[in-house]
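Numbering (UniProt numbering), first residue to last: 1 to 288. For every residue, glycine included, the Cβ atom is placed at its ideal position computed from N, Cα and C.
Set out below in structure tokens:
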């Protein structure tokens, strides 16, 4: 009897490999199903997501991500032979076959063109001369940065202490500045900054509110002076973007400022447009 039981136990143990084998087959099937489902996406939605991510992360012109097409539908996996637009490493593209679209993309991608540099440099020269002629060169300072021309206007030239009301003299100065800025089509961002001295009033609970209201008031003056509203935007950074140490009175005075940023055209892709606002492309797109 004992020999029979040992034989049956040995037979049961010898068939346990079937369980492992069936589990493996099941996992492989699930794996390939997942791969197949990931290979099929909505081409339009994927392109929108790719462009949105590239705009947000790179700050440049969105790189076009191609989605290959197969008989079963769009796929992330390239199949078949490369398309005619595929660039082969080591081989130059035939200049005679360059399309208008390719040339436009190249021009926008370059962004920092010689013509634009000359235009921005001309604006800087005019503003510097205006500041010198009016004896405010220490309070209206322009500088070139990667993002464009930064025109920094000290608080005492525009507002009273702890106030966002623009003085009459400041209105005339801003109107004169707007005539210079109106010669270009670049986006203009108005940024408000404060020092680190706390403020807590019924109108301004913190430096955040003070910096934002100051920048929006400047925007309104520029708009009333003829700057196209779609070129303007306002931002407030409070005390958190200092350009000098707040440990000294002189440093605090430099930090209390309004910056007018004449952005280079390559940053236009990061600015919302009427088209994106209407189409709602700024909303997150979910891929089913």
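When you compare only the Cα positions, how much space is there between residue 20 and residue 268?
In the chain shown, residue 20 corresponds to position 20, counting from 1. In the chain shown, residue 268 corresponds to position 268, counting from 1. Taking the CA atoms as reference points, residue 20 sits about 58 Å from residue 268.
Local Cβ density within 10 Å of residue 256, reported as buried at 16 or more and exposed below that
Sequence index remark: in the chain shown, residue 256 carries index 256 (1-based). Buried is the call here.
So, are the CB atoms of residue 162 and residue 127 less than 9 Å apart?
Working through the chain shown from its first residue, we reach residue 162 at position 162. Working through the chain shown from its first residue, we reach residue 127 at position 127. Annotated as distal: residue 162 and residue 127, with beta-carbon spacing of 9 Å or more.
Quick one: what does DSSP say residue 197 is sitting in, helix, strand or coil?
To locate residue 197, count along the chain shown from 1; it is residue 197. Coil at residue 197, not helix or strand.
When DSSP labels each residue in this structure, what does residue 187 get in the three-state scheme?
For the purposes of this step, residue 187 is identified with residue 187 of the chain shown, where counting begins at 1. Three-state result, residue 187: coil.
Buried versus exposed call for residue 222 [16 or more other C-beta atoms within 10 Å across all chains shown]
Working through the chain shown from its first residue, we reach residue 222 at position 222. That one is buried.
Between the alpha carbons of residue 243 and residue 251, how many angstroms are there, rounded?
For this step, residue 243 is matched to residue 243 along the chain shown. For this step, residue 251 is matched to residue 251 along the chain shown. Approximately 8 Å between the Cα atoms of the pair.
Closer than 6 Å by C-beta to residue 175: which residues in its own chain qualify, once you throw out the five before and the five after it? Chain order, please.
By 1-based counting over the chain shown, the position of residue 175 is 175. 225, listed in sequence order.
Identify whether residue 85 lies in helix, strand or coil by the three-state DSSP scheme.
By 1-based counting over the chain shown, the position of residue 85 is 85. Per-residue confidence for residue 85 stands at a pLDDT of 42, beneath the threshold of 50, marking its modelled position as unreliable; no derived number is given.
Can residue 262 and residue 236 be called in contact, C-beta distance under 9 Å?
Within the chain shown, the letter at position 262 stands for residue 262. Within the chain shown, the letter at position 236 stands for residue 236. In this structure, residue 236 does not lie closer than 9 Å to residue 262 by Cβ.
According to the neighbour-count rule (16 or more other Cβ atoms, all chains shown, within 10 Å of its Cβ), is residue 31 buried or exposed?
Numbered from 1 along the chain shown, position 31 holds the residue referred to as residue 31. By the 10 Å Cβ count, residue 31 comes out exposed.
Put residue 143 into one of helix, strand or coil per three-state DSSP.
Here residue 143 refers to the residue found at position 143 when the chain shown is read from its first residue. Residue 143: strand per DSSP, three-state reduction.
Under the three-state DSSP convention, the category residue 206 falls into:
By one-based count along the chain shown, residue 206 stands at place 206. Correct three-state label for residue 206: coil.
Continuous beta strand (DSSP E) stretch holding residue 260: start and end
Taking the first residue of the chain shown as 1, we reach residue 260 at position 260. Residues 257-263.
Using a threshold of 9 Å, state whether the C-beta atoms of residue 129 and residue 144 are closer than that.
Position 129 of the chain shown, counting from 1, holds the residue named residue 129. Position 144 of the chain shown, counting from 1, holds the residue named residue 144. Cβ atoms of residue 129 and residue 144: not closer than 9 Å.
Please report how far the alpha carbon of residue 147 lies from the alpha carbon of residue 178, in whole angstroms.
Within the chain shown, residue 147 is the residue found at index 147, counting from 1. Within the chain shown, residue 178 is the residue found at index 178, counting from 1. Their backbone Cα atoms lie some 20 Å apart in a straight line.
Residue 153: first and last residue of the uninterrupted beta strand (DSSP E) it sits in:
For the purposes of this step, residue 153 is identified with residue 153 of the chain shown, where counting begins at 1. Residues 148-154.
Would the beta-carbon of residue 181 fall within 9 Å of that of residue 132?
Along the chain shown, one-based indexing puts residue 181 at 181. Along the chain shown, one-based indexing puts residue 132 at 132. Contact flag unset, no.
Where residue 138 sits in the DSSP three-state scheme
Counting from 1 along the chain shown, the entry for residue 138 is found at position 138. Here residue 138 sits in coil by DSSP.
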